[in-house]
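Novice: Sharing a structure below in structure tokens format, with a few things to ask.
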Amino acid sequence: MDRIKIIGGNRLNGVIPISGAKNAALPLMIASMLTADRLTLKNVPNLADVNLLARILRNHGVDLAVDGKRPGTTHLGETFHLTARDIVDTTAPYEMVSRMRASFWVLGPLIARMGQAKVSLPGGCAIGTRPVDLHLEGLKALGADIEIDAGYVIAKAPKGLRGARIIFPKVSVGATHNVLLAAALARGETVIENAAREPEVGDVARCLVKMGAGIDGIGTSTLRIQGRDRLEGAVHTVLPDRIETGTFAYAVAATGGDVTLEGTNVELLETALAVLPKIGAEVTATANGIRVKRDNGHIEPITIETQPFPGFPTDLQAQLMALVTTARGTSVIRETIFENRFMHVQELARLGADIRLHGDTATIKGVPHLRGAPVMATDLRASVSLVIAALVAEGESMINRVYHLDRGFERLEEKLTRCGAAIERISAG
Ligand code: EPZ
Numbered sequence: 005m006d007r008i009k010i011i012g013g014n015r016l017n018g019v020i021p022i023s024g025a026k027n028a029a030l031p032l033m034i035a036s037m038l039t040a041d042r043l044t045l046k047n048v049p050n051l052a053d054v055n056l057l058a059r060i061l062r063n064h065g066v067d068l069a070v071d072g073k074r075p076g077t078t079h080l081g082e083t084f085h086l087t088a089r090d091i092v093d094t095t096a097p098y099e100m101v102s103r104m105r106a107s108f109w110v111l112g113p114l115i116a117r118m119g120q121a122k123v124s125l126p127g128g129c130a131i132g133t134r135p136v137d138l139h140l141e142g143l144k145a146l147g148a149d150i151e152i153d154a155g156y157v158i159a160k161a162p163k164g165l166r167g168a169r170i171i172f173p174k175v176s177v178g179a180t181h182n183v184l185l186a187a188a189l190a191r192g193e194t195v196i197e198n199a200a201r202e203p204e205v206g207d208v209a210r211c212l213v214k215m216g217a218g219i220d221g222i223g224t225s226t227l228r229i230q231g232r233d234r235l236e237g238a239v240h241t242v243l244p245d246r247i248e249t250g251t252f253a254y255a256v257a258a259t260g261g262d263v264t265l266e267g268t269n270v271e272l273l274e275t276a277l278a279v280l281p282k283i284g285a286e287v288t289a290t291a292n293g294i295r296v297k298r299d300n301g302h303i304e305p306i307t308i309e310t311q312p313f314p315g316f317p318t319d320l321q322a323q324l325m326a327l328v329t330t331a332r333g334t335s336v337i338r339e340t341i342f343e344n345r346f347m348h349v350q351e352l353a354r355l356g357a358d359i360r361l362h363g364d365t366a367t368i369k370g371v372p373h374l375r376g377a378p379v380m381a382t383d384l385r386a387s388v389s390l391v392i393a394a395l396v397a398e399g400e401s402m403i404n405r406v407y408h409l410d411r412g413f414e415r416l417e418e419k420l421t422r423c424g425a426a427i428e429r430i431s432a433g
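Whatever position you read off the sequence shown (first residue = 1), add 4 for my numbering.
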């Protein structure tokens, strides 16, 4: 298994290109199942999760062609051409769905297009129990008959889906995607209330509009979808990754330095960026991105809780915690989305952080220095929080289980090395 070695202490200076958003690319790829025509997606990040979903979609019969490199486009991601002329298999097996939760979102499109689906329940996950009740209730409201048998969701809608009014009792990104995708091919109007407002949901909705669906309320918590008998092909560019943007912004704030994050924009993560002036860093919008700067001087503590968009994202909670481990004072971070998203805490402690956990709340007492150590993490965002802490720590850290990082960060070492970090991947051979 690959490892990443980091010698901490270098400031970050330079330019970091931001990739397309993983959490938009995945549902956009799934949207290709809704049409027999070609869906072209630009700015797709080259990530393990994207490649795994590509395999899952191929298993359903989706053809995928990827454009090779083009001059001058090294950082513009890849272009995927997806064509689901025929769906040849409506089963998504356990071996695949258990490896990536987002693949469960094929359920809605399969029922909508084929009138049937057999999709494995996603199973447990390191960050919490993560049920799928909201997905299933939403799809039932659209007319799907759903039963659970031997770990599989078995769904039928032989006469197709029909529009309905769905009020989610809780905000769920995945359930919103699943119902939105299905509703685009349902008869009549679907209204989703208390829909997730995450920018990735908006990106999927905009792509569905290009494919022919009628959708009002994009970016709000009420989505009004006019379904169509058939959808067409389209060309869509994946929006920039706001979590990657925030991660690098916090890394620069942690190490000090001056970095421009290119190809992204402040509207995608206002709440997360609002933290930076409070802790002592500067943020400015540039023509094509965001500049983050921190001179010498202390990091100030912060109190924050995670919330659905536009609140503070749970996917940046671990990175923020790494940033304030060396603050001048005590920070308090409350995690309200997932009940068990604190696996980074004990690893940050190995680097010298002083963190106490009480239920959903972490209290982080700033320490003057972190010290390098071997660490590992059990999920993507936790892993990258260890990278941030290791960039600050004195001496050498070794991050194990790098495959978590590869699921969601494209060319992480390369991007950081170019800004002066001493970071190196050690291949298992
Ligand atoms: C998406 O997961 C993201 N994944 C997650 O990012 C992100 O942390 C999460 O949204 C919250 O923003 C992708 O986009 C691929 P949810 P999702 O349904 O859709 C509960 C990353 O690191 N819930 O919004 O699975 C659930 O347990 C990943 O990139 C139900 O109770 O999250 C949680 O407490 C990790 N019933 C809350 O809702 C349901 O049926 C929000 O989960 C569904 C969810």
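Note that the Cβ used here is the ideal one computed from N, Cα and C, for glycine as well.
1) In three-state terms, what does DSSP make of G178?
2) By the 10 Å Cβ neighbour count, where 16 or more other Cβ atoms means buried, how is E197 classified, buried or exposed?
3) What does DSSP give as the partner residue(s) for D207 in the beta ladder?
4) Would you report the Cα separation of A289 and A278, rounded to the nearest angstrom?
5) Spatial neighbours of D262 within its chain, please: C-beta separation below 6 Å, excluding the five flanking residues on both sides.
6) Once DSSP output is grouped into helix, strand and coil, what is the label at S401?
7) Give every residue of the same chain whose Cβ lies closer than 7 Å to the Cβ of V396, excluding the five residues on either side of it in the sequence, and list them in chain order.
8) Quick one: grab the DSSP three-state call for V136.
9) Mind checking who I427 pairs with in its DSSP beta bridge?
10) Taking 6 Å as the limit between beta carbons, can you name the residues of its chain near A209, skipping five residues before and five after?
11) Using a Cβ-Cβ cut-off of 7 Å (strictly less than) and excluding sequence neighbours within five positions of V349, which residues of its own chain qualify?
12) To which residues of the same chain is E398 closer than 8 Å at the C-beta, ignoring the five residues directly before and after it?
13) So, are the CB atoms of Q321 and T310 less than 9 Å apart?
14) In terms of residues, what are the limits of the alpha helix (DSSP H) holding R117?
15) Would T44 and A238 be called neighbours here (beta carbons separated by less than 9 Å)?
16) Within the region 198-257, note down every full beta strand (DSSP E) run reaching 3 residues or more, in order along the chain.
17) Checking 9 Å against the spacing of the C-beta atoms, do V181 and I34 come in under that value?
18) Can you tell me which of the three DSSP states V391 falls into?
19) Check whether the Cβ of V175 lies closer than 8 Å to any heavy atom of ligand 1, and answer yes or no.
20) Do D67 and R89 have their C-beta atoms closer together than 9 Å?
21) Can you tell me whether D364 is helix, strand or coil according to DSSP?
22) When you compare each of D319, P75, G363, A116 to L38 by their alpha carbons, which one comes out closest?
23) For H373, does the three-state DSSP call read helix, strand or coil?
24) Tell me whether P378 counts as near ligand 1, meaning its Cβ is closer than 8 Å to at least one heavy atom of that ligand.
25) Identify the continuous alpha helix (DSSP H) that holds H85 and give its terminal residues.
26) Thinking just about the alpha-carbon of each residue, which of D245, E236, D364 is nearest to the one in C1?
27) Out of I341, A326, L56, which one is the CA nearest neighbour of S335?
28) Since T83 and V70 should fall inside the 8 Å C-beta cutoff, what is the C-beta to C-beta distance between them, to a whole number of angstroms?
29) So A190 and G250 are supposed to be a Cβ contact under 8 Å. How far apart are they, rounded?
Specialist: Looking at the atomic coordinates:
1) helix
2) exposed
3) Paired residue(s): none; D207 is not in a bridge.
4) In a straight line, the C-alpha of A289 is about 12 Å away from that of A278.
5) Within its own chain, the residues whose Cβ lies closer than 6 Å to the Cβ of D262, once the five positions on either side in sequence are excluded, are N17, K297, listed in chain order.
6) strand
7) In chain order, G12, A258, T259, T330, L374 place their CB closer than 7 Å to the CB of V396, counting only its own chain and leaving out the 5 sequence neighbours on each side.
8) Of the three classes helix, strand and coil, the one that applies to V136 here is coil, per DSSP.
9) I10
10) I219, I222
11) I359, L361, A366
12) Excluding the 5 residues flanking it on each side, E398 has same chain C-beta neighbours closer than 8 Å at G12, G13, H373, L374, R375, G376, in chain order.
13) yes
14) 111-118
15) yes
16) Counting whole runs of 3 or more residues, the region 198-257 contains the beta strand (DSSP E) stretches 218-220, 226-230, 238-241.
17) A small fix is needed here, since residue 181 is His in this sequence, not Val. In this structure, I34 lies closer than 9 Å to H181 by Cβ.
18) helix
19) yes
20) Going by C-beta atoms, D67 is nearer than 9 Å to R89.
21) coil
22) A116
23) coil
24) no
25) Premise fails: H85 lies in the beta strand (DSSP E), 82-87, not in any alpha helix (DSSP H).
26) This structure cannot settle anything about residue 1, because the visible part of the chain is limited to 5 through 433.
27) It is A326.
28) 7 Å
29) So it is not a contact: roughly 35 Å between Cβ atoms.
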